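One point on numbering: in full-length UniProt numbering, the residue at position 210 of the sequence shown is 210, and numbering is uninterrupted.
Glycine included, every Cβ here is placed at the ideal spot set by N, Cα and C.
This one's a predicted model, so the numbers in the text were calculated from it and none came from an experiment.
Worksheet for the structure shown next.
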Amino acid sequence: MLYCSYCAKNVEPAILDGSICCSECGKVIILNSFTDEPTFLKDSAGLSQLSGNFVKTVQSEDSVSRGRILRDAQIDMASMAYAMEVDGGDSVLMPASKFYRIAVERNFTRGRRKEQVEAACLYISCRYNKKPFLLIDFSEHLRINVYVLGAVFLQLCKLLSLEEHSIVQKPVDPSLFIHRFSERRSQKVILAGFCHGLGQLCPISYKGLLGGRNAKVERTALRIIASMKRDWMQTGRKPSGLCGAALYVSALSHGLKCSKSDVEAIRLGVCAPLFNMSTREGRIL
Numbered sequence: 001m002l003y004c005s006y007c008a009k010n011v012e013p014a015i016l017d018g019s020i021c022c023s024e025c026g027k028v029i030i031l032n033s034f035t036d037e038p039t040f041l042k043d044s045a046g047l048s049q050l051s052g053n054f055v056k057t058v059q060s061e062d063s064v065s066r067g068r069i070l071r072d073a074q075i076d077m078a079s080m081a082y083a084m085e086v087d088g089g090d091s092v093l094m095p096a097s098k099f100y101r102i103a104v105e106r107n108f109t110r111g112r113r114k115e116q117v118e119a120a121c122l123y124i125s126c127r128y129n130k131k132p133f134l135l136i137d138f139s140e141h142l143r144i145n146v147y148v149l150g151a152v153f154l155q156l157c158k159l160l161s162l163e164e165h166s167i168v169q170k171p172v173d174p175s176l177f178i179h180r181f182s183e184r185r186s187q188k189v190i191l192a193g194f195c196h197g198l199g200q201l202c203p204i205s206y207k208g209l210l211g212g213r214n215a216k217v218e219r220t221a222l223r224i225i226a227s228m229k230r231d232w233m234q235t236g237r238k239p240s241g242l243c244g245a246a247l248y249v250s251a252l253s254h255g256l257k258c259s260k261s262d263v264e265a266i267r268l269g270v271c272a273p274l275f276n277m278s279t280r281e282g283r284i285l
């Protein structure tokens, strides 16, 4: 199965004149692909020998050290998914492990930090399974610059031939984040010394933005997001900012007590001026 950017789905490939084409629309996916038939050449002594070199495939057996590297990476990605509350289990971890195996086989991990490659593999799997996570969430978890992690992500997509896939070409759908942000709890930092005499800063979680799941508010927020997408408000904006504005307007329309500071307290990763701009434009719609 290969991905066709014109059909926007995985299709069965068709081989025609040495090129791999889409069996449905006929678009050339891979031009002048190599043949798998053996060819022979004559050397300087006039003897025939097999042309080409033996290339180790991804499906070949792993050595002891490489198997340990892959197991450690799988454990690290499972720990990262658990810490970031990524649901899905094996449906997310197994594709990420396969991406990391390909990266190891093609020496992509050389010269790059291990946790950055693991985060990029896990993020690609989250995008493929439509999980509500952004690249900045992984950068905040690893405490690194998002542009550094973004460069590793784009290079890995090029290695995996995903340049024309919807994972790279299409923006993230903001509607995926509505349920996640509506349940996210705000955190306030207080002095725990008043209660325990420790004199340490301790984060205390309060109730979520809507006080828990509110189906009516979430449905209205999804309609607001759909209206924003129809008016091209999604282009050039972070999904978290659009979701915050949609939840804020939706909560007010249903008569719930919600302020802009409450929305900013759930750590959307968007500053107040951008949030005010998105809210103002959303109200105009």
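Under the DSSP assignment, residue 243 falls in the alpha helix (DSSP H) whose first and last residues are 239-253.
Cβ contact annotation for residue 252 (same chain, cutoff 8 Å, sequence separation greater than five): 258, in chain order. Selection 163, 140 and 137 evaluated against residue 29 yields 163 as nearest (Cα-Cα). Excluding sequence positions up to five before and after residue 229, its CB lies less than 7 Å from no other CB in the same chain.
Each residue's CA atom was taken as its position, placing residue 152 and residue 145 some 11 Å apart. Close CB contacts of residue 177 within its chain, under the 7 Å cut and outside five residues either way in sequence, are with 132, 239, 240 and 243 (chain order).
Rounded to the nearest whole angstrom, the C-alpha separation of residue 74 and residue 2 is 26 Å. In the three-state reduction of the DSSP assignment, residue 29 falls in the strand class, which pools E and B. Spanning the alpha carbons of residue 156 and residue 250 requires a straight line of approximately 39 Å. Look at residue 139 here: in three-state DSSP terms it is helix.
Secondary structure note for residue 157: its alpha helix (DSSP H) is the uninterrupted segment 146-159. Between the alpha carbons of residue 47 and residue 38 lies a distance of about 16 Å. Looking at 101, 218, 237 and 13, the one whose alpha-carbon comes closest to that of residue 248 is 218. Residues of the same chain with a CB within less than 7 Å of the CB of residue 8, apart from the 5 flanking positions on each side, are 166 in chain order.
The shortest C-alpha to C-alpha distance from residue 109 to any of 124, 92 and 69 is the one to 69. Under the DSSP assignment, residue 119 falls in the alpha helix (DSSP H) whose first and last residues are 114-128. Residue state for residue 40 is assigned as strand, using DSSP reduced to three classes. When only Cα atoms are considered, residue 160 and residue 215 end up about 39 Å apart. With fewer than 16 other Cβ atoms inside 10 Å of its own Cβ, residue 15 counts as exposed. Under DSSP, residue 167 takes part in no beta bridge, so it has no partner. In the DSSP secondary-structure assignment, residue 20 is bridged to 15 and 30.
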